[in-house]
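Accompanying notes for the structure given below.
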Amino acid sequence: MSLSLSDVEVDSPATLTEALQLLGRSKYRVIAGGTDVLIRMRTGPIPNEKLLNIYQLDELRYIRSDGERLRIGSLTCIADIAASPEIRRFALPLAQAGDEFGSMQLTNKATIGGNLANASPSGDCIPPLYSLDAVLTVASAGGKREIPVKDFFRGYKKLDMRPEELITEISFRKMAGDEYGQYLRHTLRLGEAISVVGVSMCLKKGPTRDEYVAARIALGAVAPTVMRAPKSEEIVTQGTLDEARMRDASKAVLESISPITDVRGTGEYRREMAVNLTYRGLREIQARGRGGT
Amino acid sequence: MALKEYSFTLNGKPVVVRAPPAYDLLDTLRDVLGLTGTKNGCSEGECGACTVLMNGKAVHSCLTIMEQVRGADVVTIEGLASDPESQVLLRRFAEEGAVQCGYCTPGVVMASKALLMRNPMPSAEETKEALRGNLCRCTGYSKIVKAVMKGGT
Amino acid sequence: MSGTELKWVGKPIPRKDAHGKASGSVAFPTDMSIPGMLFAGVLRSPHPHALIKEIDPSKARALPGVAAVLTHEDIPGKNRYGAFIRDRPVLCDDKVRYVGDPVALVVATSQEEAEKALSLIEVNYEKLPAVTDPVQALTPGSPLVHPGGNICRKTRITFGDVEGAFSRAAVVVENTYRTGSQVHAYLEPEAGLGYLDDQKKLTLVVGGQSPYKDRAEICETLGLDESTVTVITPPVGGAFGGKDDVPVQLHLALAVLKTGKPVKLVWGRGESCVAGLKRHPAIVRMKTAAASDGTLLANQVEILFDKGAYAGLGPAVLDVAIENCNGPYRMPNVDIQATLAYTNNGVMSAFRGFGAPQVMFAMESQMDILAEKLGLDPLEFRLRNALKKGDEGAFRNRINSGVGIREAFEKARRHEVWRSRATEMKGDTPWTKRGVGVAGAIKGFTLGALPDKGSAKIQLLENGKFEVKVSTTEIGQGMTIAFAQIAAEALRCDLDDVTVVCGDTLRTPDTSVTSASRSTYLGGNAIIRAAEGMLGLLALSAAEHIGEPESNLQARSSAIVSSKSGRLVSYATLASKSKGLIESTGTFDVPRVAPIPGSLEIPHLFYMFACALAQVEVDTLTGSVKVKKLVLFPDAGRVINPQMFEGQVEGAAIQGLGYAIMEDAKIEEGILRTPSFATYLIPTIKDAPEIEVVAVGEPEESGPFGAKGVGEIGLVPIAPAITNAIYNATGARLFEIPATPERVYRALKGSGAPAGVNQELPPRTRSSA
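Chains as they are written, first to last, in my numbering: chain A, 1 to 293; chain B, 294 to 446; chain C, 447 to 1215.
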């Protein structure tokens, strides 16, 4: 039986400033879309606390082009991210994560900020943000600061964020015309489900055929946090990205990951999937790179 | 349990309810307002039986707390059932044999309505994408897809 | 009832309740409420196996909103119930035997108060070592779930001489197959409402399957008189066998009797997954022999079912497994050992297919392996052995009823999906492989050798319309429209003039249980008899009215007409004269023979058959299986309503798909690792392939207008059809289901088939996947 939330108090500030002031004064659990928080509160792993409902803060809902960067308000819902022409064009892996994320009912409510704050290693938005070298803006009543996404996650569900802070914005440099990105994930059925493994990659094309001069490859659900795979990235840029190199680069992800065994799969299987998914992503990008799209 | 007052639009009419702030919209609809058309299948956003339209978008009412409903425009299956423009959709479900036990059906109809509002002639693929969050254990889905593809007009 | 064109039977008429269900206006048990009602909640064991040292409900009882907290001390009589073996406590007394075993019952003024009260009940448990698998259960020295030992049932049935057959055989194939547990996952969880009516009679309105059986169980267990209890089953949000073991009825009865107030009990989804019933997991060892010309010679079978903590309907499920483990084929020599072993792994009971899916996975895999060894086409091999009407079954039972399996296999053989089959066909990418697999299936319908009879009542209302009353329950299968069609046909009236009233011990006669795919057959026959009786009464009344002898009269288009003079009197006129007092009851007793020694219900006299073709695409990078198309050839006899029929077969097929590749109710150390829809994955609309249903078979002579049972057979052949297709696509054979992506991937690696980028084989661990 799920626990009732009838006794939980909720404050709903009208502005971000008010929200930060409240957070500065009292202890709250923040609720945005609610699609993670409510489930966890009902099944008991987190205690019933006062909720700070920020869902109505429309000032945090935006997708803005700012010169070379794209800026996304933290309360932008996943459906809007998947549908955004700018995100599809300049940050394809993030849009693809939005496509895969879940049902229409879920993506209409779940927010990118919430996906980050929930800090599940299998959160679909996170590997794309790693591969885009995204920067998070975190605010409190005392001001704001910027943190690269890879520094934001310190360990399993450990964030570089204090209780009085809120994620307000996610930004990253737009992918250029010679950059190719892809997000893939493996799930246990064709319909939506929590990812067993997720891979996001952004590769920068060089002038010659199958040449790639930069690569960012990030994997989710295979370690306490999302992990970049520097060895794989190095292999990709060291020579022509042919079949052998793609295989070597894929196998090299094993150096960066430490997947666990859980109800969705064994650690062994996840290692295989991390390699195979990386391979599939590289093949996809190789095909697009050759086609010039 | 402290109750607060929430004003919102329900099926086109203004309504005020008293409920605890973290009470979900689903329980409010069913237990406070007596509108039992919206169903509880899982309380965790996996089955879609609780689907309602909020500000024109399909959402899980089991994962929407009353504090988030203030001022919103909510449409439930009861609203759809009395909306002349939606009669065709309901009829299609009956005609195509897309209803067996019927417990998932209101949620499926609401999600279908959300799809048809933006895409009146969906393909089978588009229908499946839109309904991927609605579980049905009885029909095997074939007839649901047929009903929705015919359903807009 | 023959010769002339049927007016209603055989037509794809949309069910009448569809609009009400689609628009949310039909009330399910979870939707119902009574002013002033209380809310019940169940305290359940967190341990798979433990002694109960003490239960202290005092803090819970002290809460202002709590009307009652009940424990085993409040249970009259022996505190044990069960359909076959009365081994299950209403509320645990000596110990708990599975995670979810009920220990206390709370009744409070609100759901929240009930939850609070549950958290305040203190139970002192002494943990015991748990029995976590059926093989362990049978090992000497294993902890005991029940004092009588861990064997719930064990039997052996032999005919002929299997050893002799093995020595003569050209090929002998021996393998061990494993099948997993499956959760029913109906969208509406277990729920009900109870109250005392104005005569102080206990009335339960519950999501169940068999109101009379429920009432009998309630009265027997709680020491009540049947005349003081009414059970009503309104439309239920899915059942599939999971609501047949009184999940809420006993607790509701107790709560109402104790408090004197109306009480509602609704299970949460997690509660339903953990504490609810499941399909028996199985280990099936099969040694099958064939002659060089492809004739099946012998089958030596060892069936071990994980019973879980209580017997439930397990003894009958085991029987069905035994009866159907040879598939739809002639098998002259059999040696079948079957055991139900108690464990602390939840409770297993009825689930659509009822023991047949487990053994069909084994047998239909054996068939493909044998065919390959013999160098025969898999469908050709099946056709050579397929049963025909008049054949002797494995249990020396003559099958004199309809057998459509040959037609099913023949149609499958000619179907485009089968003809397009080739070995290791490539998919869209270098790492996807396509394949096609076939499987046959058999399962008896009705209760076989067990007594099975039921009644239907038809009443002529004052307005000239009819009410047909049956106690079978509308669990989604469309029983109400099918019965209306049968009744309207038999009564020679308009379909709109028939209303079906169902599932109510006060208003409807006992049509027995809604299970075993028997409702149409038994209920339909009872309705026809009631209709015949009704027409007789109407003729009698009409004879007086028209002034002609009954021999001149026939029923036609809602009137009794004289074939001599043409004079007629309408049903409506006869009805207004009789003021609603004309009613007729029809009873049908299912033909049966005595059970063979060692069995409860073998043989059935009537069988369902089906063939399934599965077209799959296997992703060798992940092991994911995409089922692209399913073609089902079910032997349905005469189809009463093609739309309902297709719906039943399609729905059953998708449940079979889930069973085959994704539904993995992992119970480890007695704990269910998949207690929600987030972890227990059932097929979504994206997982459902195109399904084609091709009805085969002859009308069943003894069936109502020739109809047979159809509810279950669509599920039974799916798993082996899919795993046979995976083999065709990749050369990797699955001996265990569900064939989850990890299992398939490991099977690919294990068979040496190319899979993945890493060519080194990872070590194989059976239990981890």
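Beta carbons are placed, not taken as given, at the ideal position from N, Cα and C, and that holds for glycine.
- Chain-order list of chain A residues neighbouring glutamate 1096 (chain C): empty, with the shortest C-beta distance near 17 Å, by a criterion of under 8 Å.
- Less than 7 Å separates the beta-carbon of alanine 1171 (chain C) from that of glycine 883 (chain C).
- Distance from the CA of glycine 683 (chain C) to the CA of leucine 639 (chain C), rounded to the nearest whole angstrom, comes to 15 Å.
- When beta bridges are read from the DSSP output, valine 1073 (chain C) appears opposite C:Val1062.
- Per DSSP, the unbroken alpha helix (DSSP H) holding asparagine 1170 (chain C) starts and ends at 1164-1176.
- With fewer than three CB-CB distances shorter than 8 Å, the segment 705-714 of chain C does not count as touching the segment 532-550 of chain C.
- Distance from the CA atom of phenylalanine 530 (chain C) to the CA atom of proline 93 (chain A), rounded to whole angstroms, is 58 Å.
- Think of a sphere of 8 Å around the beta carbon of glutamine 557 (chain C): the chain A residues whose beta carbon falls inside it are Ser4, in chain order.
- In this structure, arginine 461 (chain C) keeps its C-beta atom at 7 Å or more from the C-beta atom of glycine 1157 (chain C).
- Secondary structure at proline 148 (chain A): strand, using DSSP grouped into helix, strand and coil.
- Closer than 7 Å at the C-beta level to chain A, one finds these residues of the segment 348-365 of chain B: Lys350, Ala351, Val352, His353, Leu356, Thr357, Ile358, Glu360 and Gln361.
- When the beta-carbon positions are compared, phenylalanine 827 (chain C) and glycine 740 (chain C) come within less than 7 Å of each other.
- Relative to glycine 754 (chain C), the option among C:Ala796, C:Thr960 and C:Gly716 whose CA is nearest is C:Ala796.
- Proximity of chain A to isoleucine 1172 (chain C) at the Cβ level (cut-off 8 Å) is not reached, the minimal Cβ distance being about 16 Å.
- The beta-bridge partner set that DSSP reports for glutamine 746 (chain C) consists of C:Lys733 and C:Asp781.
- The beta-carbon separation of glutamine 804 (chain C) and alanine 728 (chain C), rounded to 4 Å, stays under the 8 Å limit for a contact.
- With respect to chain C, the C-beta atom of alanine 374 (chain B) has a partner C-beta closer than 7 Å.
- Here threonine 892 (chain C) is buried, its C-beta having at least 16 other C-beta atoms within 10 Å.
- Asparagine 115 (chain A) carries a helical assignment under DSSP once its states are collapsed to helix, strand and coil.
- Assignment of beta-bridge partners to asparagine 53 (chain A) by DSSP yields A:Ile31.
- Under DSSP, the beta-bridge partners assigned to histidine 186 (chain A) are A:Val197.
- Counting the other CB atoms within 10 Å of its CB gives glutamate 609 (chain C) a total below 16, which places it among the exposed residues.
- A direct Cα-to-Cα measurement between glutamate 86 (chain A) and aspartate 160 (chain A) gives close to 29 Å.
- Under the rule that a run must span 4 or more residues, the alpha helix (DSSP H) segments found entirely inside the segment 33-110 of chain A read 37-43, 78-83, 85-90, 92-101 and 104-107.
- For aspartate 502 (chain C), no alpha helix (DSSP H) segment is defined; the enclosing uninterrupted segment is the beta strand (DSSP E) at 496-502.
- Looking at C:Thr1031, C:Lys1023 and C:Val1015, the one whose alpha-carbon comes closest to that of isoleucine 973 (chain C) is C:Thr1031.
- Where histidine 465 (chain C) is concerned, the enclosing alpha helix (DSSP H) starts and stops at 464-468.
- Within the segment 890-924 of chain C, Glu920, Ile921, Gly922, Gln923 and Gly924 place their CB atoms closer than 9 Å to a CB of chain B, listed in sequence order.
- The continuous beta strand (DSSP E) containing valine 619 (chain C) extends over residues 617-625.
- In the structure shown, methionine 273 (chain A) falls within a helical segment according to DSSP collapsed to helix, strand and coil.
- Inter-residue distance for isoleucine 597 (chain C) and asparagine 1174 (chain C) is about 39 Å (C-alpha atoms, whole angstroms).
- Boundaries for tyrosine 527 (chain C): no beta strand (DSSP E) harbours it, and the DSSP string shows neither H nor E there.
- Here glycine 638 (chain C) is bridged, per DSSP, to C:Val652 and C:Leu711.
- When only Cα atoms are considered, valine 236 (chain A) and leucine 132 (chain A) end up about 17 Å apart.
- DSSP places alanine 223 (chain A) in the coil class of the three-state scheme, outside both helix and strand.
- Unbroken alpha helix (DSSP H) runs of no fewer than 4 residues, entirely contained in the segment 1086-1159 of chain C, are found at 1088-1107, following chain order.
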